[in-house]
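The working numbering numbers the first residue of the sequence shown as 89 and each following residue consecutively. Written below as structure tokens is the structure these notes are about.
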Amino acid sequence: MAKPKEVTIKVKGSSWKVEILSDKDFDQKHGKGHRKSAAVTSSARVISFRKGELTFISVIHELVHAFVFESHTETMIDVTPDDREELCASIISKNFFILGSLASETIQSLS
């Protein structure tokens, strides 16, 4: 596997690695059947993008996954769809400007 282009960012105080992988390396890491443009490995705090798939919207989308993980929602039980929607709305609204600036910085660092 070739060394990926990567940057380390902070999400709610935790270090996360953001990397760009070739299709071959992405498939090796996330499975050949994984045809998405990006993947989050929360337990390792890694966000992987396929080469050519790094866009402002895709970075924000993956950052929301990271923010949800860092909000420690795994302890929530009996969560309804309305609860999940409220959680996502709260995370996005409370971190709106951070998400945008972090996405911009990440793209600039990896470009």
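Glycine included, each C-beta is placed from N, C-alpha and C at the ideal position. This one's a predicted model, so the numbers in the text were calculated from it and none came from an experiment.
query                                                                                                      : result
First through last residue of the alpha helix (DSSP H) which encompasses R172                              : P169 to K182
R172, buried or exposed, once every other Cβ within 10 Å from all chains shown has been counted against 16 : exposed
Bridge partner(s) assigned by DSSP for I135                                                                : V106 and V128
Check whether V208 and K105 have beta carbons under 8 Å apart                                              : Given that the chain is displayed from residue 89 to residue 199, the structure contains no residue 208 and the question cannot be resolved.
Beta carbon of L151 nearer than 8 Å to that of A126                                                        : no
Beta-bridge partners of V95, as assigned by DSSP                                                           : V106
Span of the alpha helix (DSSP H) around E209                                                               : For residue 209 there is no data in the structure shown, the boundaries of the chain being 89 and 199.
Buried versus exposed, by CB contacts within 10 Å (16 or more), T194                                       : buried
Environment of S136 [buried if 16+ CB atoms lie within 10 Å]                                               : buried
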